[in-house]
Amino acid sequence: MSIFSRLFKFSSQDMAIDLGTANTVVYVRGRGIVLNEPSVVAVETLNGVKRVKAVGEDAKLMMGKTPDSIEAIRPLRDGVIADIDVAEQMIKHFITKVHGGKHSPWRAPEIVICVPSGSTSVERRAIRDAASNAGASQVFLIEEPMAAAIGADMPVTEPIGSMVVDIGGGATEVAVLSLRGLAYTTSVRVGGDKMDEAIVSFVRRHHNLLIGEATAERIKKQFGVAQPPEDGVGETIHIKGRDLVNGVPKEISINQGQIADALAEPISTIVEGVRIALENTAPELAADIVDQGIVLTGGGALLKGLDDELRDETGLPVTIAEDPLTCVAIGTGRAMEDPIFRGVLQTA
Ligand SMILES: Nc1ncnc2c1ncn2[C@@H]1O[C@H](COP(=O)(O)OP(=O)(O)OP(=O)(O)O)[C@@H](O)[C@H]1O
Ligand SMILES: [Mg+2]
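Everything in the sequence shown is counted per the working numbering, starting at 3 for the first residue and increasing by one.
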């Protein structure tokens with residue numbers, strides 16, 4: 003490491019944080035992404051006193067497997083903050099982890115946080131306070147679709163309309179951007195979580211088998227498809243869970259055609275959200291979108307065939323951002339680093 007970069011590293015711990023309902027991603031100025039962990043906190047209650055037991059990856063491993071005294075909490079749900087106290091603990095934990103306990107000798111860091119657009123002003127204030135308490139000198143907030151669009155290299159500073167669809171864990175946000183502003187935004191409370199739930203309920207209804215969210219998520223990531231396979235069946239997979247009738251563990255098999263059936267409802271809600279946004283877009287901007295197409299970001303964009311489904315349903319070109327899971331954090335980081343984007347940062 004050169005003296006220059008050592009000094010640079012020393013003086014600069016400015017951070018950009020994508021506080022997502024499923025994952026929290028942290029970007030440090032000049033270094034890029036340094037942390038990417040599930041937004042999960044395991045809280046232990048002993049003699050009425052609550053204590054954080056694990057955060058992030060370690061806490062997610064405990065989900066659905068905790069004894070009565072421990073609860074694995076996702077403080078953000080459905081694109082909003084469900085438990086502000088736990089959210090605050092989580093933010094502090096991640097900031098401290100990135101800091102490595104060291105404080106810059108020159109100045110306290112600046113922090114930019116990307117918040118779910120469904121969060122209220124009270125929640126936003128609480129998030130700002132959490133970051134301030136964790137040692138930030140200044141806290142800025144940024145709207146998720148704006149961060150997603152910047153991260154996906156879309157022409158947000160130009161007088162060109164473009165559409166981003168961010169499919170996260172809790173929500174799907176659809177936005178039309180132009181000249182550093184959100185010309186139109188809408189969000190539906192359907193994202194990866196609702197897809198997982200759809201798989202859980204499909205397996206329960208059709209096979210009397212109870213499976214956990216974590217299992218459903220694994221199935222979705224490995225075998226999930228937004229459109230039925232060509233032969234209607236595709237691959238067949240085996241799933242283990244608990245039989246609802248006699249209570250014992252058992253294994254069943256389902257195929258990708260059935261998974262496509264299970265996912266049809268949440269996917270049609272997402273398509274509907276996109277359609278509504280297109281209908282509400284001013285004509286000049288709509289004309290640009292015909293050329294620019296729609297860009298998908300967020301982990302949900304990785305669902306196989308979702309881009310094809312949106313292409314078929316809208317007739318527009320649809321592309322997936324390069325790294326959908328970190329796109330928002332990268333955009334938040336760029337908004338912090340590049341003065342051209344300063345206008346999109348919010349102080350309240
Ligand atoms: N390969 C994949 N196929 C389908 N879904 C996936 C895949 N990889 C990740 N996901 C899903 O993406 C979601 C997480 O995406 P992301 O990290 O963008 O959400 P988030 O930013 O935390 O949530 P939000 O933006 O709603 O607050 C999870 O539901 C996860 O299951
Ligand atoms: Mg997100």
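Ideal Cβ placement from N, Cα and C applies to all residues, glycine included.
Whole-number beta carbon distance between P268 and A218, since they are thought to touch under 8 angstroms: Taking the sequence shown and counting its residues from 1, the one referred to as residue 218 is at position 216. Taking the sequence shown and counting its residues from 1, the one referred to as residue 268 is at position 266. Separation of the CB atoms of A218 and P268 is rounded to 12 angstroms, and the pair is thereby denied contact status at 8 angstroms.
With a Cβ-Cβ cutoff of 8 angstroms, do G301 and L280 count as a contact? Taking the first residue of the sequence shown as position 1, residue 301 is located at position 299. Taking the first residue of the sequence shown as position 1, residue 280 is located at position 278. Going by C-beta atoms, G301 is not nearer than 8 angstroms to L280.
If you follow the beta strand (DSSP E) that K55 is in, where does it begin and where does it stop? The residue labelled residue 55 in the question sits at position 53 within the sequence shown. Start and end: V51 to V57.
Other residues of its chain near E311: CB distance less than 8 angstroms, five sequence neighbours each side excluded: Working through the sequence shown from its first residue, we reach residue 311 at position 309. A228, Q229, I269 and V273.
Within this structure, are the beta carbons of E308 and V292 separated by less than 8 angstroms? Along the sequence shown, one-based indexing puts residue 308 at 306. Along the sequence shown, one-based indexing puts residue 292 at 290. In the sequence under discussion, the amino acid at residue 308 is Leu, which differs from the Glu named in the question. Taking 8 angstroms as the Cβ cut-off, L308 and V292 do not qualify as a contacting pair.
Is DSSP giving K252 helix, strand or coil here? Here residue 252 corresponds to residue number 250 of the sequence shown, with the count starting at 1. K252 falls in the strand class under three-state DSSP.
Suppose you measure from the CA of A154 to the CA of A331; what does that come to, to the nearest Å? Your numbering for residue 154 matches position 152 in the sequence shown. Your numbering for residue 331 matches position 329 in the sequence shown. C-alpha separation (whole angstroms): 11 angstroms.
When the Cβ atoms of the segment 130–141 are set against those of the segment 329–344, are three or more pairs found closer than 8 angstroms? no
Which residue spans inside the segment 121–155 form an unbroken beta strand (DSSP E) run of at least 3? 140–145
Is L184 near ligand 1, going by C-beta to nearest heavy atom under 7 angstroms? Along the sequence shown, read from residue 1 onward, the residue named residue 184 stands at position 182. Not under cutoff, so the answer is no.
Sheet register partners of K242 (DSSP bridge): The residue you call residue 242 lines up with position 240 of the sequence shown. Answer by DSSP bridge pairing, in chain order: E253.
For ligand 1, I want to know if P118 counts as a neighbour, meaning its beta carbon is within less than 7 angstroms of at least one of the ligand's heavy atoms. Working through the sequence shown from its first residue, we reach residue 118 at position 116. Distances between the C-beta of P118 and the heavy atoms of ligand 1 include at least one below 7 angstroms.
The segment 91–103 in contact with the segment 233–250 per 3-pair CB rule at 8 angstroms: no
Among K223, D168 and E253, the one whose alpha carbon lies nearest that of R206: Taking the first residue of the sequence shown as position 1, residue 206 is located at position 204. It is E253.
For a minimum of 4 consecutive residues, which ranges assigned as the alpha helix (DSSP H) are wholly contained in the segment 155–224? When DSSP assignments are scanned along the segment 155–224, the uninterrupted stretches of alpha helix (DSSP H) that are 4 or more residues long and fall wholly within it turn out to be 194–209.
Grab the span of the beta strand (DSSP E) containing E324 for me, first residue to last. Translated into positions along the sequence shown, residue 324 becomes position 322. Neither: E324 is in no beta strand (DSSP E) and is coded neither H nor E.
When you measure from the CB of G153 to every non-hydrogen atom of ligand 2, does any distance come out below 7 angstroms? Here residue 153 refers to the residue found at position 151 of the sequence shown. For G153, the shortest separation between its Cβ and any heavy atom of ligand 2 does not lie below 7 angstroms.
Can you tell which of Q260, E215 and K222 has the C-alpha that lies nearest to the C-alpha of E232? Walking along the sequence shown from the start, residue 232 turns up at place 230. That would be Q260, whose Cα lies nearest to the Cα of E232.
Where do the ends of the alpha helix (DSSP H) carrying I342 lie? As a position in the sequence shown, residue 342 is number 340, starting the count at 1. Annotation: I342 is outside any alpha helix (DSSP H) and is labelled neither H nor E by DSSP.
Can you give me the Cβ contacts of T349 inside the same chain, cut-off strictly under 7 angstroms, excluding the 5 residues immediately before and after it? Translated into positions along the sequence shown, residue 349 becomes position 347. So the qualifying residues of the chain are F142.
Tell me where the alpha helix (DSSP H) around L287 begins and ends. For the purposes of this step, residue 287 is taken as the residue at position 285 of the sequence shown. Note, L287: alpha helix (DSSP H), P285 to Q294.
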